[in-house]
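Position one of the sequence shown corresponds to residue 1 (my numbering), numbered consecutively onward.
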Amino acid sequence: MRIVGEREARRINKQFRKTDRATNVLSFDTGDIVLCHPVIAREARQQGKTIAAHYAHLVVHGVLHLRGYGHEKKREAARMARAERRILARLGFPDPYAVKFPRPA
Numbered sequence: 001m002r003i004v005g006e007r008e009a010r011r012i013n014k015q016f017r018k019t020d021r022a023t024n025v026l027s028f029d030t031g032d033i034v035l036c037h038p039v040i041a042r043e044a045r046q047q048g049k050t051i052a053a054h055y056a057h058l059v060v061h062g063v064l065h066l067r068g069y070g071h072e073k074k075r076e077a078a079r080m081a082r083a084e085r086r087i088l089a090r091l092g093f094p095d096p097y098a099v100k101f102p103r104p105a
């Protein structure tokens, strides 16, 4: 598991996923998980979450990808979200999908 900046996350995402932008979390078949701190911090602020809760969610999300979970189709996305909620609840974190987003000023 590595925590990187936006430049490195963008480079990795472009190299391995052919997407030219930084993303919050990337998982690889080798077991590697890359987390982009600036993206995670920005998303946490925008979504009204603590950074710790958002990091916990994205680590769980990344590990579930390594375990074969996906979210390309509605059914598999629902299955993954249920697993995320269950695991995060056990860890003492709120449902990441129930957080209310603040309204823009």
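Note that beta-carbon positions come from the ideal geometry of N, C-alpha and C, so glycine has one too.
Asked	Found
Below 8 Å, can you find three or more Cβ-Cβ pairs linking the stretch 71-78 to the stretch 86-94?	no
Mind checking who residue 59 pairs with in its DSSP beta bridge?	Partner(s): none; residue 59 has no beta bridge.
Excluding five sequence neighbours on each side, which residues of the same chain lie with their C-beta closer than 6 Å to the C-beta of residue 30?	none
Between residue 50 and the rest of its own chain, which residues show a CB-CB distance below 8 Å, the 5 nearest in sequence each way excluded?	44
Please report the straight-line C-alpha distance between residue 19 and residue 8, rounded to a whole angstrom.	13 Å
On the DSSP letters alone, give me the boundaries of the alpha helix (DSSP H) that residue 88 sits inside.	74-90
Might you give, ordered along the chain, the residues of its own chain that have their beta carbon closer than 6 Å to the beta carbon of residue 69, omitting 5 neighbours on each side?	80
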